DNA sequence: CTGAAGACCTGCCTGC
DNA sequence: TGCAGGCAGGTCTTCA
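Numbering (the numbering used here), first residue to last: -6 to 268.
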């Protein structure tokens, strides 16, 4: 479901409803998602201080007990959703965890495919955690730049699409926004990363930042099951130039949009604009 | 080391 | 109508 813009939309939505709320009870309805779920009982009585984001991880910081905050780290996988509802709202299909807050609000986690996962740790452990250590730069920060991308592409024969989706290079760029960014930069998804000029890589850096920011502005992309925490859809899908448009005409040059498979994922590109 | 392919899961859409 | 096959926003493991 979610790439960086969708996770960011979820983060701001959750924070607006749940910041400073105190946990009454957390219940999990199964022992695991992708990995075993942590034991949530220690969070009872703690206050939710902030919700941050790193890559596609949501980071819930709770007040803790003995001075140090607890960090709940949550990845939505492909189909994970958080919804804020009243306590007495009925559980939907595939609801796996519920957080009841003292205010009467209830945070529900639903995930049909169960590719999502979560971990609970002292705040200070996060920066040593394997999930954290494997992450590359944030695309919307200044350290994602021509220099950083140039360094990651140098000598690599892998197609640029898979390099851009590699979270150890730059985080948060998933299958949709990789295709959309490459379209804006005019680069063919199969082009070997190490054989793209500096000028064109500079375009790509700008395109990635623009694409992600525009998607956040639009409230994320709703293809089939992304919804915001209040159940409203995102609208960026209406602005796709290539994703899901194979067989249709390019809005810029009129050529046919094509679909190919790379590393097991669909890539969409304009046969006229991208080379 | 690199890159490709398979695996994890369920639901939905298409075509026969 | 029913059913098989393909496809889906992510990431980890395995294999060549």
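Built from N, CA and C at the ideal position, the CB exists for glycine as well.
Since this is a predicted model, take the numbers as computed values, not measurements.
Local Cβ density within 10 Å of residue i, reported as buried at 16 or more and exposed below that
i: residue 249; result: exposed
i: residue 135; result: exposed
i: residue 61; result: exposed
i: residue 181; result: buried
i: residue 121; result: exposed
i: residue 154; result: buried
i: residue 29; result: exposed
i: residue 132; result: buried
i: residue 289; result: The shown model of the chain, from -6 to 268, leaves out residue 289, and the question about it has no answer.
i: residue 99; result: buried
i: residue 49; result: buried
i: residue 256; result: exposed
Distance between beta carbons of residue j and residue i, contact taken as under 8 Å
i: residue 214; j: residue 208; result: 6 Å
i: residue -3; j: residue 166; result: 7 Å
i: residue 270; j: residue 200; result: Here the chain has residues from -6 to 268 only, and residue 270 is not among them.
i: residue 76; j: residue 47; result: With 8 Å as the limit, residue 76 and residue 47 do not qualify as a contact, their Cβ atoms being about 22 Å apart.
i: residue 108; j: residue 70; result: 3 Å
i: residue 235; j: residue 219; result: Contact flag wrong, Cβ pair sits at about 18 Å.
Contacts around residue i, its chain only, beta-carbon distance under 6 Å, and the 5 residues preceding and following it disregarded
i: residue 63; result: 55 and 57
i: residue 8; result: 44
i: residue 34; result: none
i: residue 74; result: 103
i: residue 10; result: 77
Residues near residue i by beta carbon distance below 8 Å, same chain, minus five either side
i: residue 156; result: 145, 146, 149, 162 and 186
i: residue 212; result: 2, 221, 225, 226, 227, 228 and 229
i: residue 113; result: 31, 32, 33, 35, 36, 63, 64, 65 and 66
i: residue 142; result: 162, 163, 194, 197 and 198
Helix, strand or coil at residue i [DSSP, three-state]
i: residue 73; result: strand
i: residue -3; result: helix
i: residue 204; result: helix
i: residue 163; result: strand
i: residue 137; result: coil
i: residue 236; result: coil
i: residue 89; result: strand
i: residue 191; result: helix
i: residue 251; result: strand
i: residue 222; result: coil
i: residue 264; result: coil
Contacts around residue i, its chain only, beta-carbon distance under 7 Å, and the 5 residues preceding and following it disregarded
i: residue 267; result: 175, 176, 179, 180 and 181
(message) Suppose only complete runs of 4+ residues qualify. What are the alpha helix (DSSP H) ranges in the segment 1 to 81, listed by chain order?
(response) With a minimum length of 4 residues, no continuous alpha helix (DSSP H) run stays inside the segment 1 to 81.
(request) Mind listing, in chain order, the continuous beta strand (DSSP E) runs of no fewer than 3 residues lying wholly within the segment 98 to 138? (result) Fully enclosed beta strand (DSSP E) runs of 3 or longer: 98 to 104 and 110 to 115.
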